[in-house]
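So the structure is just underneath, and the comments pick up after that.
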Amino acid sequence: MRVQLAFQIDELPIGYRLGVLSIIKEMIKNGSTAYYEQIFETGKHQIKPFGYSTYIKNLKIDGNKIFGDELIVTVSSSSYEWMMHLINGSHKKKDYQYKNYRFYLKSKRLLPKVNISDPVVTFSTKSPILLERKEKGPVLSTDSLFEKEFQYISGLIIEGLADRKPYAPIRVLKAAMTKQVIKENLHQSEDRFIYLTANKGIIQLEGHPDDLQVLYDNGVSFRRSLGLGLLEVEEVKSESWKR
Numbered sequence: 001m002r003v004q005l006a007f008q009i010d011e012l013p014i015g016y017r018l019g020v021l022s023i024i025k026e027m028i029k030n031g032s033t034a035y036y037e038q039i040f041e042t043g044k045h046q047i048k049p050f051g052y053s054t055y056i057k058n059l060k061i062d063g064n065k066i067f068g069d070e071l072i073v074t075v076s077s078s079s080y081e082w083m084m085h086l087i088n089g090s091h092k093k094k095d096y097q098y099k100n101y102r103f104y105l106k107s108k109r110l111l112p113k114v115n116i117s118d119p120v121v122t123f124s125t126k127s128p129i130l131l132e133r134k135e136k137g138p139v140l141s142t143d144s145l146f147e148k149e150f151q152y153i154s155g156l157i158i159e160g161l162a163d164r165k166p167y168a169p170i171r172v173l174k175a176a177m178t179k180q181v182i183k184e185n186l187h188q189s190e191d192r193f194i195y196l197t198a199n200k201g202i203i204q205l206e207g208h209p210d211d212l213q214v215l216y217d218n219g220v221s222f223r224r225s226l227g228l229g230l231l232e233v234e235e236v237k238s239e240s241w242k243r
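Per the UniProt record's numbering, residue 1 is the first one in the sequence shown, and the count goes up by one each step.
Given below as structure tokens:
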């Protein structure tokens, strides 16, 4: 299930993704304080049942500032409860503040539901995929370990959200991807940045349709809370599948 939120903006910091996350969390809290506490306080170390992507219309960058007309945030989740509280919470407030930056919620709309029933699906990245190895840096689609690391993060997400092991290994059949370096601020000081090297483009996956659905619904990436790893279906290859 996906919803698209359109915000009027004037300017944003270059590291704006934590601001978007704070708005999503505020909407959930406005929808249900009990659910917010369950997800973000009691379950703060658990995998969260959502992913999102951002797009800025008429984007211009000047130093550490972003200028644009509109910020489009696409939020996706496999959890009906999550989406219900997000949508209900979005009805209660239109003006949001992050540091000194203002977001005004202009509109929202549900997107058509996509049901995956095929074992081979070609996806495009609505937001780039970040794969990292501890102390060894990012993994790019051209690296020999890309499929192994993709299987690792896919397994974590499926186990965390579907409460089971993947029905079959997720295979990366093709990857036509380029690297994208993301500059983000995870600290209070606005001049302390981290740089994340992620993958954007086209990726063709093979796996059980139920597993691919979990990845499509919730995103597949490290640091999904920064709006990374959301996928869009580009093409399917119909074949029979037996669990």
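Positions of the beta carbon are idealized from the N, C-alpha and C atoms, including for glycine.
Let me know if residue i comes out buried or exposed under the rule of 16 or more other beta-carbons within 10 Å of its beta-carbon.
| i | result |
| --- | --- |
| Met-1 | buried |
| Asp-211 | buried |
| Leu-186 | exposed |
| His-91 | exposed |
| Ser-240 | With a pLDDT of 47 at Ser-240, under the threshold of 50, the predicted position of this residue should be treated as unreliable, though the coordinate-derived value follows. So Ser-240 ends up on the exposed side. |
| residue 328 | Given that the chain is displayed from residue 1 to residue 243, the structure contains no residue 328 and the question cannot be resolved. |
| Ala-176 | exposed |
| Arg-243 | In this prediction, Arg-243 scores a pLDDT of 40, lower than 50, which makes its location untrustworthy; no coordinate-derived value is stated. |
| Ala-34 | exposed |
| Val-181 | exposed |
| Gly-63 | exposed |
| Pro-166 | buried |
Considering only their Cβ atoms, is the gap separating residue j from residue i smaller than 8 Å?
| i | j | result |
| --- | --- | --- |
| Leu-173 | Gln-204 | yes |
| Val-75 | Thr-54 | no |
| Ile-129 | Val-73 | no |
| Ser-127 | Leu-215 | no |
| Glu-206 | Val-120 | yes |
Taking the DSSP output, what are the residues bridged to residue i?
| i | result |
| --- | --- |
| Ala-34 | Answer is none; Ala-34 lacks a bridge partner. |
| Asp-62 | Lys-65 |
| Phe-7 | Leu-71 and Leu-105 |
| Tyr-52 | Val-75 |
Beta strand (DSSP E) segments (min. 3 residues) lying fully within the segment 173–218: 194–206
Do three or more CB pairs link the segment 209–229 to the segment 45–54 at distances below 8 Å? yes
Does the segment 91–106 touch the segment 2–15, meaning 3 or more C-beta pairs lie closer than 8 Å? yes
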